[in-house]
Amino acid sequence: MPRHPNLWNPMNDLSAAPTSLKANILRHLAYTLGKDAEHASTYDWRMALSFAIRDQIVEPWFASTRKTWATGHKRVYYLSMEFLIGRILEDATVNLGLRDQAEEAMASFGQDFRAIIEDEPDAALGNGGLGRLAACFMESMATLGCPAYGYGIRYEHGLFRQRFEGGRQVEAPEDWLKQDHPWEFTRPEAAYVIPFKGHMEQQAGREVWVPSETVVASAYDTPVVGWQGKWANTLRLWGALPTTMFDLDRFNRGDYAAAAEPEALARTLSRVLYPDDTTYQGKELRLKQEFFLTSAALQDILRRFLASETDLRKLPDHVAIQMNDTHPAIAGPELIRLLVDEHGMPFDQALPVARACLGYTNHTLLPEALERWATFTFGNVLPRHMQIVEQIDHWHKTEHRGRPHYIGIVKHHEVRMGELAFIMAHKVNGVSALHSDLIKKNLFPELHALHPDRIVNQTNGVTPRRWLKMCNKPLSTLITDTIGAGWEADLDLLKGLEKPIKTKAFCKDFDAAKRVNKVELSNWLASHEGITVNPDALFDVQIKRIHEYKRQLLNILQTIGHWEAIKQNPNANWVPRVKIFGGKAAPGYAVAKEIIRLINDVAEVINNDPVSGDLLKVVYPANYNVSMAERLIPAADLSEQISTAGKEASGTGNMKFMINGAPTIGTLDGANVEILHEVGEENFFLFGMTTEQAMARRQDPEHARKAIEASQTLQDVLQMVAEGRFSPDQKDRYHDLVHRVWHHDYFLVASDFDAYDAAQVRVDSAYADRDNWVKMAALNTARSGFFSSDRTIRSYMKDVWNVSSAL
Ligand code: 26V
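Numbering (this note's numbering), first residue to last: 123 to 929.
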């Protein structure tokens, strides 16, 4: 029996005094918020409801923790610099099965449930796919009863807020903690000192790190409850505090500003999320943030392990640590440092122990996004880790005499975090079948040859609770009415829709559900964007970070061509379309920002053209985030997944659209390949070059010019943009952008243009055949079971973490 400080607990049955949800809400309104119902605002009601719902999570949360201790169960630790959670209240309410009850309770108080839900700010502690995946994984691990902790940073400011001025992106700081955050518990007792900089000293033959800066990492815990409240895990976010709050000497000498310096210095560490997910920058603060998260997490993990165990060699039997990309890859050397320097384990023993605990997920092949730190910066911030990294590299070279000379962790005065993570992990995974293949073939071919069993594939998934049950009530109600409940925790059951899809009645209902969502979105667009769209038009949606490889430019150029075709022949039988864009550009990413401006400029012209009128609208609501995705995806008819083949590691938005019954127009990239495989090519609008074809195409230096000269449409479109048709006040605004397509078209917009345009024509004719379209849309839902993150997590549990469910 493992020793644990807290096995006996007088509060073993908290449910002894059940109270109704309504009574609980009122109790919190009065005694937690100090508000009289008569004077309570939407905010007050939201807080009261949140606390009442949170109360219901505490019990499964305690029970889960207790069971894990009592059984000595292995735990998973998910280390991620980003958790893109979005709103919590509705998700928690849905998982506890309390949504109807909560809605009814709020109505009885004269409150609109939707308004209360929407009063909650998004927790936007992430940039995009990688952070949202971490949030889906947390929910699935809780649903599956996989004992797990997420470790991250409690950024005071999440991803910036985006607005448009004259069509241009303007960033403003995000402030999600301005109001009280009801979902976290402050844990001042869980705090660790994090050292930085300084120098090394030899003492009695041992290396001793004498740091010159320290901060304290202090824990804030948010419970994450799974489907039906059967299990709850902890998301532990670290906030930075100064080791010395205040320099009283300086204050007394009258140097008031300097007296507060240590505090200011510490707080910058958890102040703001880095908003650039495209180019690696090598900034010292970023490295410090990464070490801050990693060291705090590892100290916490070892403390927990040592509370019930003594032999650190057994660490891998109890602990699985997943590195979400290379951002926490300092975990390898840091775990070795803690084992060697703090616990006296020899290096040769510590290395295999650390490696047996660690897994590494790669999320990008783009060379500009791969982290490489200058040895100068790395050695300056983390002098002890510099030594350990060199030791690891030397050990690896010695173990693998055949290692080519150009392979290694430290090369050309840089520490390569990808290589470090690879060598220090027992499993390395890609996030889709294609991506995992490309990791083997292109990213780490030499390391793969040395370690042929290390790279495995774990195709991404998304949680069907948030991304179907919660965000799409009309469709989820129809599904439950048709195949019964249970699909929420076993998405493969959606296969049961295949038969009903053959009936007219079901297709009619499916279509009606989609239409409800489209009407709702139209109303929202009218009130928020001041634009009227026809809910019977085809809603064509591209939502994701703005990046050249994702090719929003391809989409908007084709839109221009389509508009021109409508104008040539306005009375033809056009399928009305609404083109919807959403997404943010990294603040320093100039080309992405030009693309944003072009989309907005094109929207301005097209939306005011009486000839095209309702046949074509372009909408780009500002500040795309998780909550906006929850509105757009259920209302989409068409999912745009048009990245240059070989560049999108997986995509997860693509899966959300599929689940919600939107067929994909897409390339053979990332998980699109698997979506195509599941849904069948007759239900997917495939176009464009394959990865191999794209690579070959780039070998021809004239590829863009040749493609443009071969396409009259593309020529005309580029001409219009270059001439200033969409920027009449500044005719040369898009000269550079058009020049890039002609001469530096690395992402092959020109070469894929005609194929994309043709695929869009196929979409139009398919949409015109209503019955067949609805069937196609419904089959996307029916065949989407594979893309549940429950499937993904089960697979990690088996292939990477070697951990079982504790349920
Ligand atoms: C990269 C960087 C680079 C340097 C510093 C800051 C920073 C912050 C974030 C990132 C993330 C880039 C990787 C990423 O988000 N990849 C996406 O991961 C998704 C989940 O696996 C996947 O679906 C997307 O295809 C992939 O682009």
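Every residue, glycine too, gets a C-beta built ideally from N, C-alpha and C. Just so we're clear, the structure is a prediction, and the values are computed from it rather than from any experiment.
Determine the burial state of residue i: buried for a count of at least 16 other Cβ atoms within 10 Å of its Cβ, exposed for fewer.
i    : result
Q664 : buried
N134 : Any reading at N134 is ruled out, since the residue's pLDDT is 47, under 50, leaving its predicted position unreliable.
Y528 : exposed
T786 : buried
E716 : buried
R719 : buried
L929 : exposed
S163 : exposed
D893 : exposed
V839 : buried
N805 : buried
A378 : The sequence as given places Tyr at residue 378; Ala does not occur at that position. Exposed.
D302 : exposed
R309 : exposed
M123 : Here the model assigns M123 a pLDDT of 36, short of 50, so the residue's position is not dependable, and the following value carries that caveat. So M123 ends up on the exposed side.
T366 : exposed
H557 : buried
T141 : exposed
K626 : exposed
F632 : buried
If you draw a straight line from the C-alpha of residue i to the C-alpha of residue j, how long is it?
i    : j    : result
D398 : A708 : 5 Å
F809 : K769 : 15 Å
D886 : L643 : 21 Å
G280 : R393 : 9 Å
E225 : E242 : 16 Å
E456 : L590 : 40 Å
I514 : F307 : 38 Å
W923 : I915 : 10 Å
G792 : A270 : 27 Å
I443 : R506 : 22 Å
K701 : W646 : 15 Å
T681 : E814 : 27 Å
E568 : G454 : 20 Å
Y672 : F869 : In the sequence on display, residue 672 carries Lys and not Tyr. C-alpha separation (whole angstroms): 9 Å.
T400 : D234 : 40 Å
D612 : R587 : 11 Å
R753 : C593 : 7 Å
L409 : A890 : 53 Å
Y742 : D658 : 19 Å
Q324 : V332 : 10 Å
N656 : N730 : 15 Å
L357 : T581 : 23 Å
D614 : R913 : 10 Å
V347 : E831 : 56 Å
Y918 : P574 : 18 Å
G251 : E610 : 22 Å
Can you give the beta carbon distance from residue i to residue j, rounded, assuming they're within the 8 Å contact cut?
i    : j    : result
E146 : A185 : In the sequence under discussion, the amino acid at residue 146 is Asn, which differs from the Glu named in the question. Contact doesn't hold; Cβ gap of about 19 Å is too wide.
I728 : W685 : 5 Å
A418 : A339 : 4 Å
I275 : W353 : I275 to W353, Cβ: 25 Å. No contact.
Q350 : N217 : 7 Å
A543 : Y482 : 4 Å
E541 : G552 : Not confirmed; about 16 Å, so no contact.
I721 : F703 : 5 Å
T744 : R285 : The sequence as given places Ala at residue 744; Thr does not occur at that position. Confirmed, Cβ separation roughly 5 Å.
A826 : V863 : 6 Å
L901 : I623 : 6 Å
M811 : A767 : 6 Å
A362 : F414 : 6 Å
D158 : V578 : Actually they do not touch by this definition, with Cβ atoms about 58 Å apart.
A476 : L492 : So it is not a contact: roughly 22 Å between Cβ atoms.
Does any residue of chain C bring its CB to less than 7 Å from the CB of residue i?
i    : result
A816 : The structure shown contains no chain C, having only a single protein chain.
At 3 residues or longer, and completely inside the stretch 734-789: list those beta strand (DSSP E) runs for me, N to C. If we require 3 residues or more, the beta strand (DSSP E) runs fully inside the stretch 734-789 come out as 738-741, 760-763 and 786-788.
Where in the stretch 305-380 do unbroken runs of the alpha helix (DSSP H), each at least 4 residues long, occur, reported from the N-terminal end onward? DSSP assignment within the stretch 305-380 yields the following whole alpha helix (DSSP H) runs of 4 residues or more, N-terminal first: 370-374.
Could you pull out every unbroken beta strand (DSSP E) segment of at least 3 residues lying fully inside the stretch 675-741, listed in chain order? You should have 699-704 and 738-741.
Which ranges would you report for the beta strand (DSSP E) in the stretch 390-477 if only whole runs of at least 3 residues count? With a minimum length of 3 residues, the continuous beta strand (DSSP E) runs that stay inside the stretch 390-477 are 441-446.
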